[in-house]
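Okay, so the sequence shown: first residue is 1 according to this note's numbering, each after it adds one. Where is the CB? At the ideal position from N, CA and C, for every residue including glycine.
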Amino acid sequence: MSLKGIIFDVDGTIAETERDGHRIAFNRAFERENLSWHWDVDLYGELLEIGGGKERIRYYISNYLPSFNINQSLDEFIAHLHLLKSRYYRQLLENNSIPLRLGVKRLIQEAYSQGVKVAIASTASVANVEALLETSLGNPMASWFEVIAAGDMVERKKPAPDIYLLALEKLNLSPHECIAIEDTNQGLTAAVKAGLKTVVTVNQYTEKQNFDEAILVLNHLGEKDLPFRVIQGENYGEKYFNLSLAEKLIS
Ligand code: XBP
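See the structure below:
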């Protein structure tokens, strides 16, 4: 098999964490700090254009709150707010873990059992990625990820290719030996710029985005008895996303 690695994006791809996970945690942190900010579902959809929680807060302050002022450094304020938010996010996951998207667990198991490496390339912070993997996959599956490339490990976040390039370097694999799985246009751009063939599984926030550069666009990865719907691309007669389809897509 030429396929040696699968690199997963996290938020929105492995699990639907944005609307009912990160968004809620941001709002709890704002309340805790007595800020009258509230990110509703639609506003959060707009803010998702900005990858990274700290970057998203900074963007919100400069674009939505022009007269906002504080008596401390803005960097420190944002770092503090983000730390609080990350604690609430972990609590949310621990109390009410967010389920994995359809087909994700099966694909990880299939890859692991056939010696295909699995890795993460995410804009979210390492702590938040690990919290999701631990609560949704548990052990030992969470430890099957050979590489977790995430958050501030690179300077430029998606749509820059840096996080995917880092994942490839740590995997010690070249792009043509791997496939990436993403859910957003920014993530797709990052993966494609890193030279990776990329499959997109859309979700509520991303279904209207442009995915022309994807090798395949699906509603989800599917299961034997719950086939995917192909939105764009060739599925080679397969009904759910498996290693055999991945192999054909990278060949
Ligand atoms: C998702 C993101 C993250 C999360 C919040 O990244 O852009 O910023 O929304 O996580 P990906 P943090 O889809 O690449 O996994 O607060 O930890 O940044």
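query                                                                                                  : result
Local conformation of LYS158 per DSSP, three classes                                                   : coil
Between the CA atoms of GLN209 and THR198 - distance to the nearest angstrom                           : 15 Å
Reduced DSSP secondary structure (H/G/I, E/B, other) of PHE68                                          : coil
C-beta contact flag for PHE241 and GLY103 at 7 Å                                                       : yes
Alpha carbon of TYR205 to alpha carbon of ILE70, nearest angstrom                                      : 32 Å
Start and end residues, alpha helix (DSSP H) containing PHE26                                          : 23 to 32
Option nearest ALA167 by Cα separation, candidates LEU196, PHE228 and THR184                           : LEU196
GLU182 versus PRO159, ARG87, PHE145 and TRP144, residue with shortest Cα-Cα distance                   : PRO159
Which listed residue (MET153, VAL147, VAL192 and TYR64) has its alpha carbon closest to that of ASN172 : VAL147
Span of the alpha helix (DSSP H) around VAL41                                                          : 41 to 47
Exposure label - TYR164; buried when at least 16 CB within 10 Å                                        : buried
The beta strand (DSSP E) enclosing LYS193, as first and last residue numbers                           : Note, LYS193: premise wrong, no beta strand (DSSP E); alpha helix (DSSP H) at 185 to 193.
Check: VAL10 C-beta below 6 Å from any heavy atom of the ligand XBP                                    : yes
Range of the contiguous beta strand (DSSP E) that encloses ALA150                                      : 145 to 150
SER136 beta carbon near the ligand XBP (any heavy atom closer than 6 Å)                                : no
Distance, VAL230 Cα to GLU55 Cα                                                                        : 33 Å
Option in HIS22, GLU33, PRO140 and LEU65 with minimal Cα separation from TYR44                         : HIS22
Beta-bridge pairing of SER207 - partner residues as DSSP gives them                                    : Note on identity: in this sequence residue 207 is Glu, with Ser being the wrong assignment. In the DSSP output, where bridge partners are listed per residue, GLU207 has none listed.
Residue from LEU218, GLY233 and ASN96 whose Cα sits closest to the Cα of LEU226                        : LEU218
THR123 (DSSP reduced to helix, strand or coil)                                                         : coil
Anticipated Cβ contact below 8 Å, LEU81 with ALA131, distance rounded                                  : Their Cβ separation, rounded to whole angstroms, is 18 Å, which puts LEU81 and ALA131 out of contact at 8 Å.
First through last residue of the alpha helix (DSSP H) which encompasses GLU110                        : 104 to 113
SER251 Cβ short of 6 Å to the ligand XBP heavy atom set                                                : no
N-terminal and C-terminal residue of the alpha helix (DSSP H) that LEU74 is part of                    : 74 to 95
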